[in-house]
Amino acid sequence: MMQWTAAGAVLCAAGYLFLTVQPPGILRSLAKTAAVALLALGGGLAGAPLLLVLALGLCALGDLFLSRNGESAFMAGVGAFAAGHLAYAALFLTRPDSDPVRVMQMPAAAVAAVLLVLGLIMIRVLAPRAGALKAPVLAYIPIILGMGAAALTLPFGTWVFAAACAFMLSDMILAAETFVLSEEHPLRRITPYAVWVLYWGAQAGFLAAFS
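Its first residue numbered 1, the sequence shown is counted upward by one per residue in my numbering.
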């Protein structure tokens, strides 16, 4: 059964890649949401950890909200994704091979320092540009970086940290697209595709790592 849900998720993810720059609509929302919801369903049917299924489900809910226009939909999406990041962090920290001491040792300590610097840069760049969304946007930054730090407690050489990096990078690109880049900026031609490939790849990577 998981093979069928995985195949459906891949088809929906590929379909959304062609719809990502299209105006909001039912087909676009369905493709985006199903691409991750089917991963959650497959994980649940395969007996994957409950926190993984919860995280994937929350991200699918966030996709549904962010596929719509409007500030309220954006805020709901940010909330769902924040909860998804926290669920992933809890998943990493509760694994039998998780060891918080690793974060204080090389090479994880160097990566943690980079994450801290990235967080400070994001705050510096986004704070004056987020307008009325400043508070939730700035609150979201330590949550996503905390998920990355939690992944550092696991042994290197797994898919987990690579997936966490892809997830964080997709969030950073989306933040730049939303609050930094002008409507005419040439990078906007590729940022929607980069966000989707990195984000969906991260969710598939997490499922592969824990299933």
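Backbone N, C-alpha and C define an ideal beta-carbon position, used for all residues, glycine too. All figures in this text were calculated on a predicted structure; none of them were measured in a lab.
Below 6 Å CB to CB, which residues in the same chain sit around Ile81 once its five sequence neighbours on both sides are set aside?
For the purposes of this step, residue 81 is taken as the residue at position 81 of the sequence shown. In the sequence on display, residue 81 carries Phe and not Ile. Counting only Cβ-Cβ distances below 6 Å, and skipping sequence neighbours, we find Gly62.
Rank Glu71, Trp4, Ala89 by C-alpha distance to the C-alpha of Ala164 and give the top, closest one.
In the sequence shown, residue 164 corresponds to position 164, counting from 1. With distances taken between Cα atoms, Ala164 lies closest to Ala89.
Taking the C-alpha atoms as reference points, what is the distance between Pro192 and Glu177?
Position 192 of the sequence shown, counted from the start, is the residue given in the question as residue 192. Position 177 of the sequence shown, counted from the start, is the residue given in the question as residue 177. C-alpha separation (whole angstroms): 8 Å.
At the level of alpha carbons, what is the spacing between Val21 and Ser67?
In the sequence shown, residue 21 corresponds to position 21, counting from 1. In the sequence shown, residue 67 corresponds to position 67, counting from 1. When rounded, the distance between both Cα atoms is 11 Å.
So, do the region 24-43 and the region 2-14 have three or more beta carbon pairs nearer to each other than 8 Å?
Flag = yes, the region 24-43 and the region 2-14 touch.
Grab me the residues of Ala209's own chain with a C-beta within less than 8 Å of its C-beta, minus the 5 sequence neighbours each way, in chain order.
Residue numbering aside, residue 209 sits at position 209 when the sequence shown is read from its first letter. Closer than 8 Å at Cβ, skipping near neighbours: Thr158, Trp159, Val160, Ala163.
Rank Pro49, Ala149, Pro136, Leu86 by C-alpha distance to the C-alpha of Val114 and give the top, closest one.
Counting from 1 along the sequence shown, the entry for residue 114 is found at position 114. Looking only at Pro49, Ala149, Pro136, Leu86, the smallest Cα-Cα distance to Val114 is reached by Ala149.
Closest to Leu152 by CA distance: which of Pro24, Val101, Arg28 is it?
As a working note, residue 152 is residue 152 in the sequence shown. For Leu152, the nearest C-alpha among the options comes from Val101.
Name the residue from Leu174, Tyr199, Val53, Leu19 whose alpha carbon lies nearest to the alpha carbon of Val137.
What you label residue 137 is simply residue 137 of the sequence shown in a count that begins at 1. The residue with the shortest Cα to Cα distance from Val137 is Leu174.
I need the boundaries of the alpha helix (DSSP H) containing Glu184, first residue and last residue.
Walking along the sequence shown from the start, residue 184 turns up at place 184. That residue, Glu184, is in no alpha helix (DSSP H); it is neither H nor E in DSSP.
Quick check on the DSSP output: the alpha helix (DSSP H) that includes Val114 runs from which residue to which?
Counting from one through the sequence shown, the residue named residue 114 turns up at place 114. First-last of the alpha helix (DSSP H) with Val114: 108-126.
What does the alpha-carbon distance come out to for the pair Leu38 and Cys12?
For this step, residue 38 is matched to residue 38 along the sequence shown. For this step, residue 12 is matched to residue 12 along the sequence shown. Take the alpha-carbon of Leu38 and the one of Cys12: they are about 9 Å apart.
Can Gly84 and Ala127 be called in contact, C-beta distance under 8 Å?
Reading the sequence shown from its first residue, position 84 is the one you call residue 84. Reading the sequence shown from its first residue, position 127 is the one you call residue 127. Result no, Cβ atoms of Gly84 and Ala127 do not sit closer than 8 Å.
Apart from the five residues just before and just after Pro103, which ones in its own chain have a Cβ nearer than 7 Å to its Cβ?
One-based indexing of the sequence shown puts residue 103 at position 103. In the sequence as displayed, the identity of residue 103 is Val instead of Pro. Correct list, in chain order: Ala109, Ala112, Ala149, Leu152, Thr153.
Report the residue from Cys59, Met122, Ala132, Gly15 whose alpha carbon sits nearest the alpha carbon of Leu207.
Taking the sequence shown and counting its residues from 1, one reaches residue 207 at position 207. Across the set Cys59, Met122, Ala132, Gly15, the C-alpha of Cys59 shows the shortest separation from the C-alpha of Leu207.
Using 10 angstroms around the beta-carbon of Phe18, count the other beta-carbons present and answer buried if the total reaches 16, otherwise exposed.
The count along the sequence shown starts at 1 and reaches residue 18 at position 18. Of the residues assessed, Phe18 falls on the exposed side of the cut-off, its CB having fewer than 16 other CB atoms within 10 angstroms.
Please confirm whether Ala166 and Ala194 have their CB atoms less than 8 Å apart.
For the purposes of this step, residue 166 is taken as the residue at position 166 of the sequence shown. For the purposes of this step, residue 194 is taken as the residue at position 194 of the sequence shown. No, Cβ-Cβ distance for Ala166 and Ala194 is not below 8 Å.
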